[in-house]
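The sequence shown runs 1 to 378 under full-length UniProt numbering.
The C-beta atom is built at its ideal place from N, Cα and C for all residues, glycine as well.
What follows is a set of notes on a single structure, which appears directly below.
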Amino acid sequence: MIIRCSCTGPLTSVRRLALNILSTPIASIVDEKLVAPNVKDNDFGNSWLKMHSAGSGAFKMRVYQPHQAIVLEANDSSPTGAPKLKSIIIKNVPDPASRRLLIQQGDADIARDLGADQIAALQGKPGVNVLSIPSAEQNYLAFNTGNSANPLLKNPALWEAARWLVDYDGITKDLLKGQYFVHQSFLPVGLPGALDNNPFKFDPAKAKAILAKAGIKDAHFTLDVENKPPFITIAQSMQASFAQGGVKIDLLPAAGSQVYARVRARQHQAAIRLWIPDYFDAHSNASAFAWNDGKSSTVAGLNGWQIPQLNKETQAAVAEADPAKRLELYKKMQEELQRSSPYVFVDQGKTQIVVRDNVKGYQQGLNADMVWYDNVTK
Numbered sequence: 001m002i003i004r005c006s007c008t009g010p011l012t013s014v015r016r017l018a019l020n021i022l023s024t025p026i027a028s029i030v031d032e033k034l035v036a037p038n039v040k041d042n043d044f045g046n047s048w049l050k051m052h053s054a055g056s057g058a059f060k061m062r063v064y065q066p067h068q069a070i071v072l073e074a075n076d077s078s079p080t081g082a083p084k085l086k087s088i089i090i091k092n093v094p095d096p097a098s099r100r101l102l103i104q105q106g107d108a109d110i111a112r113d114l115g116a117d118q119i120a121a122l123q124g125k126p127g128v129n130v131l132s133i134p135s136a137e138q139n140y141l142a143f144n145t146g147n148s149a150n151p152l153l154k155n156p157a158l159w160e161a162a163r164w165l166v167d168y169d170g171i172t173k174d175l176l177k178g179q180y181f182v183h184q185s186f187l188p189v190g191l192p193g194a195l196d197n198n199p200f201k202f203d204p205a206k207a208k209a210i211l212a213k214a215g216i217k218d219a220h221f222t223l224d225v226e227n228k229p230p231f232i233t234i235a236q237s238m239q240a241s242f243a244q245g246g247v248k249i250d251l252l253p254a255a256g257s258q259v260y261a262r263v264r265a266r267q268h269q270a271a272i273r274l275w276i277p278d279y280f281d282a283h284s285n286a287s288a289f290a291w292n293d294g295k296s297s298t299v300a301g302l303n304g305w306q307i308p309q310l311n312k313e314t315q316a317a318v319a320e321a322d323p324a325k326r327l328e329l330y331k332k333m334q335e336e337l338q339r340s341s342p343y344v345f346v347d348q349g350k351t352q353i354v355v356r357d358n359v360k361g362y363q364q365g366l367n368a369d370m371v372w373y374d375n376v377t378k
C-alpha cells in the first residue's frame, strides 16, 4: 500500500528530517483493523498495545510479563518475510553476574548490559563471542545554572575549568575498560554532522589558572549520580580529578529514579546524565542541549541555561533545506557548546553484546531500540 500525505509548516521542506523522524519506533506501522476496536478514551489503542501486538515487524508479542519476560513469535505475514527463528524469549535478569553465568554455561544465547569486569571475564572463553557495536549513548556532566544555592554554577569560568579536570583517558580506558571512548561534542559519532575532535584533556594546572584568573576560590558543588556503573564510576573519578584542580565535589549517589526526579525538579547542583537521540537526526540532540524556550523540559531548560541566540541557531539549523549547509550549522553549534556551555561531554558508548558461538546474524544499530532479530539463526 502507498499512502500519500501533504503537510504544511516551516519544517516540511526539510525532507531528510521528516524521514528520520518517521524511522523511529514511535512511527511504526500497526494494523488499524486490529487496533481500532480496542481504542479507549481516544488513546489510539495505546493502553491495549502495551500488552498486545499489532505490528508489521518480523516478530509479534505473544507474552508480556512486565519486569520479567517477553515472548516473541514469528510473524509470517511480515512484509519483510518470515524470520529465521520461530520464537524468542527475552528475560529480565537484573544481576549482571548472573547474566554472565547464564551465557557462559549456555543457558542463554545472548547477554546484554554486562559490566566491564563481566566482559573481561568472558573474553576468549570457549563457546562465546563478544561483539562490540557502536552506540549513540553519551555520558555528560551538567551544571544547573539556575540553582540559586550555588551561584558558582552559572560562572562560565567554572564550566571551562571543568573541561580540563576530567580524566577522560583514565575513565574510558582504565575504569570502563573500553566500553566507552572519549567524545566531547553533543552529537555522537555516527550521526551526520558530528564533530570527532576532542580538544580537552586532563590538565589540572590549566584549570587552576582559569579559576584563578576568574577570582574563584574554594570552588565546590554537589553531584547527583546514579549509584551504579558507569555513572558512579565516572563520578568517583571526577571527585578525585577535580580535587587536583582545587574543586571539591560532594557525591549524592541514589537510585536512577531519585536522580531523575531531582533533575526534573531542578533541585540538583550538578549531575552525571546519559543521553541517547530520540531519532536519527542532529536536531534530536540540538533541541535538547541548545534549546530552552522556558516551557519545554529540554536539557538546557532543566539546567536553567538561558540561550536566546542558540535558540535562534537551533531553529535555523532544523529549517535549513540544503543538507550540506545544515550539517555545517550543527558543526558550528557543537564548537560553540565546546567553547562555553554548562555541559562537559565525557564519552560515547560501545555496546558490548555476548553471544554463543552458534548464534549468527545478530544486528544492532546506534540506538538501543535498533535491534534486529529477523536474520538471527541458531
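query                                                                                                        : result
Cβ neighbours of LYS154 in the same chain (closer than 7 Å, five flanking residues each side left out)       : THR145
Of the residues ASP374, LEU141, GLY301, GLY246, the one placed nearest ALA209, counting alpha carbons only   : GLY246
Residue from ARG273, ALA205, LYS60, THR80 whose Cα sits closest to the Cα of ILE232                          : ARG273
Exposed unless 16 or more other CB atoms sit within 10 angstroms - verdict on GLN338                         : buried
Sequence-distant residues of its chain with Cβ nearer than 6 Å to ALA69 (five each side left out)            : LYS91
Rounded C-alpha distance that separates residue 388 from ASN375                                              : Any property of residue 388 remains undetermined from this structure, which presents the chain solely from 1 to 378.
Between the CA atoms of GLY81 and SER28 - distance to the nearest angstrom                                   : 17 Å
Straight-line Cα distance separating ASN150 from GLN104                                                      : 49 Å
Contact set for TRP159: own chain, Cβ-Cβ below 7 Å, skip 5 residues either direction                         : PHE143, SER340, SER341, PRO342
Which of helix, strand or coil DSSP assigns to MET1                                                          : Because the pLDDT at MET1 is just 43, under 50, the model does not fix this residue reliably, and the point stays unresolved.
Helix, strand or coil at THR351 according to DSSP, with G and I counted as helix                             : strand
LEU165 versus LEU211 - alpha carbon distance                                                                 : 12 Å
Rounded separation between VAL354 and ILE119 - CA only                                                       : 8 Å
At least 3 beta-carbon pairs within less than 8 Å: the region 263 to 270 vs the region 294 to 311            : yes
PRO230, buried or exposed, once every other Cβ within 10 Å from all chains shown has been counted against 16 : buried
Euclidean distance between Cα positions of ALA368 and SER135                                                 : 8 Å
Ordered list of beta strand (DSSP E) runs contained in the region 289 to 361, each at least 3 residues       : 343 to 356
Segment limits, alpha helix (DSSP H) that includes ALA162                                                    : 156 to 163
DSSP three-state assignment for ALA243, whether helix, strand or coil                                        : helix
Alpha-carbon to alpha-carbon, GLY190 and TYR168                                                              : 20 Å
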